[in-house]
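Here's the structure, in structure tokens; my notes come after.
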Amino acid sequence: MRRYNPKEIEPKWQQVWAESGIYKTDMSRTADKFYVIPMLPYPSGDLHIGHWYNFGPTDTVARFRRMLGNNVLTTIGFDAFGLPAENAAIKRGIQPAKWTYSNIDSMKRQIAQIGASYDWDHTLATCQPDFYRWNQWLFLRLYEKGLAYRAKRVVNWCPKDQTVLANEQVVGEDNVCERCGTPVIQKELEQWFFKITDYAERLLDDLETVEWPQKVKTMQVNWIGKSQGALIKFRVPDTRHQIEVFTTRPDTIYGATYMVLAPEHPLVKVITTDECRPRVEQYIEETSHKTELERKEGEKHKTGSFTGAYVLNPATKEKIPIWIADYVLFSYGTGAIMAVPAHDQRDYEFAKKFNLPIKQVIMPCEDDSTNPPKEEFEEVERPTVIVHLLDKSTGKYALLDWHESLEGITTAVMGGIEKGQTPEQAALNEIKEEASIKDAKITKKLAWVTGARYCASHKQQNRKAVAYGLVAEVENLDNQAEIAASEKKLHTLVWVDKKEVLDRLTPEHQKLVWNQLWDETSLDDEGELIDSGKYTGLSSAEARDKIVADLAKEDVAKEQVNYKLRDWLISRQRYWGTPIPIIYCEKCGIRPVPEADLPVILPEDVEFELSGQSPLTHRPDFVNTSCPECGGPAKRETDTMDTFVDSSWYFLRYLDAKNDKAPFDTDLINRWMPMDHYIGGIEHAILHLLYARFVTKFLHDNYGLDFEEPFKKLTNQGIILGPDGQKMSKSRGNVVNPDEQVNSYGADSLRLYLMFMGPYEQGGPYDMSGIAGSRRFLDRLWVLVGEFLEAEGPNNSKDLEIAATTHKAIKKVSRDLGQLGFNTAIAAMMSLVNELYKIKAETGISQSTGWRFALETLTQLLAPFAPHITEEIWESLGHDSSIHISNWPLWDDKLVAEEVITLAVQVNGKVRSEIVVAADITEEDAIAAAKSDEKIATQIAGRPVKKAIYVPGRLVSLVI
RNA sequence: GGGGAUGUGGUGAAAUUGGUAUACACGCUAGCCUUAGGAGCUAGUGGGGCAACCCGUGUAGGUUCGAGUCCUAUCAUCCCCACCA
1 MRRYNPKEIE
11 PKWQQVWAES
21 GIYKTDMSRT
31 ADKFYVIPML
41 PYPSGDLHIG
51 HWYNFGPTDT
61 VARFRRMLGN
71 NVLTTIGFDA
81 FGLPAENAAI
91 KRGIQPAKWT
101 YSNIDSMKRQ
111 IAQIGASYDW
121 DHTLATCQPD
131 FYRWNQWLFL
141 RLYEKGLAYR
151 AKRVVNWCPK
161 DQTVLANEQV
171 VGEDNVCERC
181 GTPVIQKELE
191 QWFFKITDYA
201 ERLLDDLETV
211 EWPQKVKTMQ
221 VNWIGKSQGA
231 LIKFRVPDTR
241 HQIEVFTTRP
251 DTIYGATYMV
261 LAPEHPLVKV
271 ITTDECRPRV
281 EQYIEETSHK
291 TELERKEGEK
301 HKTGSFTGAY
311 VLNPATKEKI
321 PIWIADYVLF
331 SYGTGAIMAV
341 PAHDQRDYEF
351 AKKFNLPIKQ
361 VIMPCEDDST
371 NPPKEEFEEV
381 ERPTVIVHLL
391 DKSTGKYALL
401 DWHESLEGIT
411 TAVMGGIEKG
421 QTPEQAALNE
431 IKEEASIKDA
441 KITKKLAWVT
451 GARYCASHKQ
461 QNRKAVAYGL
471 VAEVENLDNQ
481 AEIAASEKKL
491 HTLVWVDKKE
501 VLDRLTPEHQ
511 KLVWNQLWDE
521 TSLDDEGELI
531 DSGKYTGLSS
541 AEARDKIVAD
551 LAKEDVAKEQ
561 VNYKLRDWLI
571 SRQRYWGTPI
581 PIIYCEKCGI
591 RPVPEADLPV
601 ILPEDVEFEL
611 SGQSPLTHRP
621 DFVNTSCPEC
631 GGPAKRETDT
641 MDTFVDSSWY
651 FLRYLDAKND
661 KAPFDTDLIN
671 RWMPMDHYIG
681 GIEHAILHLL
691 YARFVTKFLH
701 DNYGLDFEEP
711 FKKLTNQGII
721 LGPDGQKMSK
731 SRGNVVNPDE
741 QVNSYGADSL
751 RLYLMFMGPY
761 EQGGPYDMSG
771 IAGSRRFLDR
781 LWVLVGEFLE
791 AEGPNNSKDL
801 EIAATTHKAI
811 KKVSRDLGQL
821 GFNTAIAAMM
831 SLVNELYKIK
841 AETGISQSTG
851 WRFALETLTQ
861 LLAPFAPHIT
871 EEIWESLGHD
881 SSIHISNWPL
891 WDDKLVAEEV
901 ITLAVQVNGK
911 VRSEIVVAAD
921 ITEEDAIAAA
931 KSDEKIATQI
941 AGRPVKKAIY
951 VPGRLVSLVI
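Counting along the first sequence from 1, when you hit position 683 you're at 683 in my numbering, and nothing is skipped either side.
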């Protein structure tokens, strides 16, 4: 018998497949099309285990669908533009183009080892002119519609290298250039943008229509960051300036005690008074140099500066000061906020630090769940004190356990504030009444009032308590008098340790007061308005609408939806990317390159100057051109496009990769899209997938695509970690080299192991000895087939049993594979092999129909996972066409069904025995059989069975 | 601070979605194959107990005839976003 030698059969079949073209897709057959691809890889020149984990299982899905009868298209290409090629060029003096193409060649060779069923007629590399010319085409279409525009934006700039730096190239705590160590500055440059924000709402809404992991959808929702609120104008008195703010809480406007502008806000320069100007300018200077780290630090320690100017609060008509602070972001909303320190944590911290006024306008007010108001009673508002009394000699606090109708309720000392009383007086009074202590002193009063609704049943009314929280202290209890009998009847006074108080208090409101006493924070939740003019008493929700509507009448407010999503900055001051097809003419200004002149070719022989600037700027033959409008001298845009532009539509180009008249044939695209299954890493959850969705929607609106979402179904594979459970990295020395694994075990074993090691979306550490198990499984199958081929005799007494076992495996594998349950599907095939070995041990192996059926079927089930060995076995079993275009086996439920089944028998919920019964047993018979089982009979021991439950096919449960 | 995920043998994991917990694999143990093997085959492998049995899915409660699965609280680990007004 031949030994299983993957080194021999894998290259052999890869060549056979390439020559026979069995994976070439007939693009005209679309009724049962299935389009599945892995995400576009970057050609780093080295195929790592993560690529295998992406490409292998994706190919398994493709092969499974192909065997099911779908017309499958799967292919791969290269995301070939980008910074690493330029870095290589600078470091090693190789042309980026040459470096990239050579990487693509070596990656193609490595990819071939996987044995994937790619149709290479559909591949592409984004750095080829016949691809990127259509990037330029896309740019022109967007430009035409006003969705590509130019605006200023600050960038990281290295003054020495005269170049723009990506965020990742700014390193160190002091923000220096990665290359030369010069401190990086912020510089404003004209940049090109795509107006993705126009699509924000649709990008949000249509997420509901796709079959994606919830996690990715949530990430996109958060990224788009929709919030509903209002724009409100604040007038600067004695000037014609107005400052607009965005707020989601117009209901808190009466509490807006100051305003904050972002340091970059254009009005800062205008409104700042001469007196404050030096300090303000210094602050702006400081914040522009802040590092990420310092800015994060700012979450704890707010900084800012007063401008000396004021605005009018349109609700209160009061003058409030204008500050600048970097906790307000220029890029969000209007770059200005109304600060409501009582009801926003950030404003609160700022106000505390700079001693700005804090005014409460929202009162939390909820029903007391321990004593809720009753519908039939009227509501009466009642000012209340909640006072926590500390006995300093013991460190314990006083609590009241209430009796009678309030049984089970525990509160602090509390009571109403009578007319003319201050909260402090009322508190001391209650201490006197309820605790009989006369020498207590008030030591703390809570800044907020808090409300709660409860039922005062003895007065036949509901009460809205508006509570002042206080702390009082008493030196010791030497002077405590006997508590009056009338009070004792109502409640018992208990003294408890500080840490127990919260656990003992029962009404939510009491807990809130206690917590606020020790850790006072702003009240960010909604509630009831207080101290807000005519809106006092309304709920936040009611007030929000009314206030905006009223201010809108004066034209100072309007409802507004705001998004965190920014427009897509596509300019890169880089060489190795798609040239932006724009020409600057001295006379005519900005002119797009006419479509007929595309592509604007990126020169591939360039010199990298020491200056660090894009080599394009030093290429007169590229830069100098003539104006398409007037024919006069003009200059080309030397910026290139973000590589995310390439990946935002490459999957459309795959389908029609050789079209030289158009980016793609729209009819063809409409028949093949949306993509049925897209598989790749979660790292692209936001940008790539969002941009692809945006471009698809744009093409839907403007270029005849009849679908709005590109990817029907998305799967994120997990991350393969090193054997030590850490992320693989060269410095850690835990990188698993797939070539070595293939060399030792074969590509089929590697593919199989990667899919067997755990749930696909989970990933996990690569176990160097785990792959041996996958190889062993393939070996065992190989041996079994070998023995079958050499066996004698046509019939086998176990044929029926073999058939039943095989049908069960078909069912399990088919179902699991359908939901990407690779690991359990493989386990089922391993089980089948184990079963076959058992049967072989019992009755031997023979050339029976049962054995042939089992081995052929098993090989087919395995084919999508391990394409080479299964093809070899298939051939040895006498087939002359590829297993990969054979029909996926079907199971027969009749054969899967067991004739006799084993039922578990539970007594009082515990399994006590098992009974073997006919599969179609009735409930009655099953219960009777269970009762008569020997072990069960002793368990029951003559006691009456109160209840008997039969779960068909599973168990009988007896309750005695 | 906000959002999400995950806790099951020595290890990776499974459990038909509320029905016999630990399938499958790694590792380990023993035996077999007369060659010292990164080979193969067979058997065993959650913990405790001589046993009948008892215990067991991070922890503590709850619902249920029955809970890894549902509910409440709690602990731990990981990931993402993060001053978004």
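Quick reminder that beta carbons are idealized off the backbone N, C-alpha and C, glycines included. Quick caveat, the model's predicted, so the values are computed rather than measured.
Query	Result
contact_flag[the segment 62 to 81, the segment 679 to 692] where n(CB pairs < 8 Å) is 3 or more	no
Length at least 3, wholly inside the segment 15 to 62: the beta strand (DSSP E) runs in chain order	33 to 38
TRP323, DSSP secondary structure in three states	strand
Where ALA336 sits in the DSSP three-state scheme	strand
4 or more residues per run - each alpha helix (DSSP H) lying fully within the segment 730 to 791	738 to 745, 747 to 756 and 770 to 790
Where the beta strand (DSSP E) containing ALA904 begins and where it ends	900 to 907
Alpha-carbon to alpha-carbon, THR640 and ALA557	41 Å
Simplified DSSP state of TYR950, which is helix, strand or coil	strand
Contacts around THR857, its chain only, beta-carbon distance under 6 Å, and the 5 residues preceding and following it disregarded	THR806 and PRO889
Local conformation of GLU629 per DSSP, three classes	coil
Whether GLU609 touches PRO603 by CB criterion (8 Å)	no
GLU898 versus ARG954, ALA262, PRO159 and LYS658, residue with shortest Cα-Cα distance	ARG954
Assigned secondary structure, GLN847 (DSSP; H/G/I helix, E/B strand, else coil)	coil
CA-to-CA distance, ILE320 to GLY308, given in whole angstroms	10 Å
Whole-angstrom distance between ILE771 and MET728, CA atom to CA atom	18 Å
ASP892, buried or exposed, once every other Cβ within 10 Å from all chains shown has been counted against 16	exposed
Three-state class that DSSP yields for PRO723 in the structure shown	coil
CA nearest to the CA of ASN313, picked from PRO278, PRO765 and TYR254	TYR254
With 16 other Cβ atoms within 10 Å as the buried cut-off, status of GLU404	exposed
Contact belief for THR257 with ALA339 at Cβ below 8 Å, rounded distance in angstroms	7 Å
Close-in-space but distant-in-sequence residues of the same chain around PRO357 (CB under 6 Å, 5 per side omitted)	THR257
For ASP767, the nearest candidate out of SER797, MET757 and ARG133 (CA to CA)	MET757
Residue from ALA116, SER44 and ILE104 with nearest C-alpha to ASN54	ALA116
Coil, strand or helix - ARG66 by DSSP	helix
Proximity winner among LEU390, ILE337 and ASN462, relative to GLU375 (alpha-carbon distances)	ASN462
Whole-number beta carbon distance between ILE686 and GLN214, since they are thought to touch under 8 Å	In fact, because the Cβ distance is near 15 Å, the residues do not count as touching under 8 Å.
Inter-residue Cα distance where the pair is ASP525 and THR536	17 Å
At least 3 beta-carbon pairs within less than 8 Å: the segment 273 to 289 vs the segment 559 to 572	no
Candidates VAL548, GLN819 and ALA828: closest to GLN228 by CA position	VAL548
Residue nearest to ASP113 in terms of C-alpha spacing, selected from LEU165, ASN887, ASN87 and TRP52	The sequence given here has Gln at residue 113, not Asp. Selected option, being the one with the closest Cα: TRP52.
Extent of the continuous beta strand (DSSP E) run through MET259	258 to 261
Counterpart residues of LYS464 in DSSP-defined beta bridges	GLU381 and ARG453
Boundaries of the beta strand (DSSP E) in which HIS677 is found, first to last residue	677 to 681
Inter-residue spacing [alpha-carbon to alpha-carbon] between ASN429 and LEU399	16 Å
Element boundaries [alpha helix (DSSP H), containing PHE81]	Premise fails: PHE81 is in no alpha helix (DSSP H) and is neither H nor E.
Closest Cα partner of GLU178 within the set PRO159, GLU188, GLU190 and GLU473	PRO159
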